[in-house]
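Right, dumping it as structure tokens:
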């Protein structure tokens with residue numbers, strides 16, 4: 103079987119680089135220490151780190167972590183294809199400190215900005231942002247903020263990302279009306295119980311991501327599945343329409359992940375396809 107066919111079948115061919123990974127901790131944007139993992143490319147023959155690799159910061163989905171299978175698989179694969187990646191846990195999630203119930207979209211962006219600053223010191227100038235689901239929304243929001251985005255930012259990779267934050271507030275409200283009525287309630291997500299506060303929903307409803315997206319000044323690629331039951335495919339189309347090259351922006355491309363689920367678990371090859379395409383995209387726009 104040729105290498106190209108193996109790749110299409112979901113069996114990744116060996117990348118040109120080997121992966122060097124290590125754990126890090128750094129100060130987040132909300133006063134808590136955050137946990138992260140760096141995946142870097144290095145030469146196979148000499149084990150020297152690739153000096154001029156593009157640098158990307160990876161934000162995870164709502165209630166997820168840097169260790170989500172798809173995120174780990176994509177980050178590691180990107181390193182093997184010549185991209186340095188910092189994936190990290192938002193406040194109160196994974197290995198990071200803090201109380202998740204007191205976080206929201208505003209705090210997510212603050213943590214992402216802190217991660218960008220840390221990556222700039224640890225790895226070099228950040229040229230790309232990657233975000234899965236709600237992390238994709240945070241990445242796009244930061245990329246649209248002239249005062250917050252890094253001057254070196256050239257590319258954003260959004261994976262199953264929503265085009266707004268209000269839909270999540272409404273979903274959580276439907277899952278447990280006590281959150282809005284009493285100010286606090288629990289919901290079950292991914293087999294775990296999570297405490298959600300009214301302040302989180304209120305914050306989600308204050309953001310107008312649709313108004314921010316036209317201000318993105320980076321090339322964007324949005325991966326999305328028509329079979330996604332968590333965030334509908336129409337969100338990718340809306341993101342693309344709002345980041346239109348006709349408005350003088352770099353523009354947004356949509357890559358359809360046919361048959362993929364929201365977490366890219368059902369077919370392992372989906373994460374490989376995302377990684378391989380994203381690697382080419384991030385190396386092209388740097």
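In the numbering used here, the protein residues as written are 103 to 388.
Glycine included, each C-beta is placed from N, C-alpha and C at the ideal position.
Since residue i and residue j are thought to touch, with beta carbons under 8 Å apart, how far apart are those beta carbons, to the nearest angstrom?
| i | j | result |
| --- | --- | --- |
| residue 381 | residue 130 | Actually they are not in contact, since the Cβ atoms of residue 381 and residue 130 sit about 27 Å apart, beyond 8 Å. |
| residue 207 | residue 240 | 7 Å |
| residue 157 | residue 226 | 5 Å |
| residue 249 | residue 318 | In fact, because the Cβ distance is near 14 Å, the residues do not count as touching under 8 Å. |
| residue 100 | residue 303 | As displayed, the chain neither begins before 103 nor continues past 388, which places residue 100 out of reach and without an answer. |
| residue 278 | residue 287 | 4 Å |
| residue 242 | residue 260 | 6 Å |
Looking at residue i: is its Cβ nearer than 9 Å to the Cβ of residue j?
| i | j | result |
| --- | --- | --- |
| residue 228 | residue 255 | yes |
| residue 230 | residue 369 | no |
| residue 143 | residue 175 | no |
| residue 210 | residue 236 | yes |
| residue 66 | residue 171 | Summary: the structure shown does not reach residue 66, with the chain confined to residues 103 through 388, and so no result is reported for it. |
| residue 257 | residue 365 | no |
| residue 164 | residue 262 | no |
| residue 361 | residue 329 | yes |
| residue 331 | residue 305 | no |
| residue 177 | residue 141 | yes |
| residue 136 | residue 186 | no |
| residue 346 | residue 316 | yes |
Just to confirm my understanding: we take residue i, look at its own chain, exclude 5 residues before and 5 after, and list those with CB closer than 8 Å. What are they?
| i | result |
| --- | --- |
| residue 312 | 265, 266, 340 and 344 |
Leaving out the 5 sequence neighbours to the left and right, which residues in its chain are closer than 7 Å to residue i when beta-carbon positions are compared?
| i | result |
| --- | --- |
| residue 147 | none |
| residue 285 | 299 and 300 |
With DSSP as the reference, identify every bridge partner of residue i, one or two as the case may be.
| i | result |
| --- | --- |
| residue 145 | 119 |
| residue 297 | 288 |
| residue 135 | 129 |
| residue 189 | 139 and 160 |
| residue 232 | 160 and 259 |
| residue 223 | DSSP, once it has assigned bridges, lists no residue as partnering residue 223. |
| residue 151 | 144 |
| residue 358 | 326 |
| residue 124 | 140 |
Indicate the three-state DSSP secondary structure (helix, strand or coil) for residue i in the structure shown.
| i | result |
| --- | --- |
| residue 353 | coil |
| residue 262 | coil |
| residue 164 | coil |
| residue 314 | helix |
| residue 111 | Reliability fails at residue 111, whose pLDDT of 47 lies under 50, so the model's placement of it is uncertain and no value is given. |
| residue 322 | strand |
| residue 308 | helix |
Looking only at its own chain, which residues have a Cβ that is under 6 Å from the Cβ of residue i, when we skip the five neighbours before and after it?
| i | result |
| --- | --- |
| residue 205 | 193 and 194 |
| residue 182 | 117, 119 and 121 |
| residue 138 | 126, 188 and 190 |
| residue 321 | 257, 352 and 387 |
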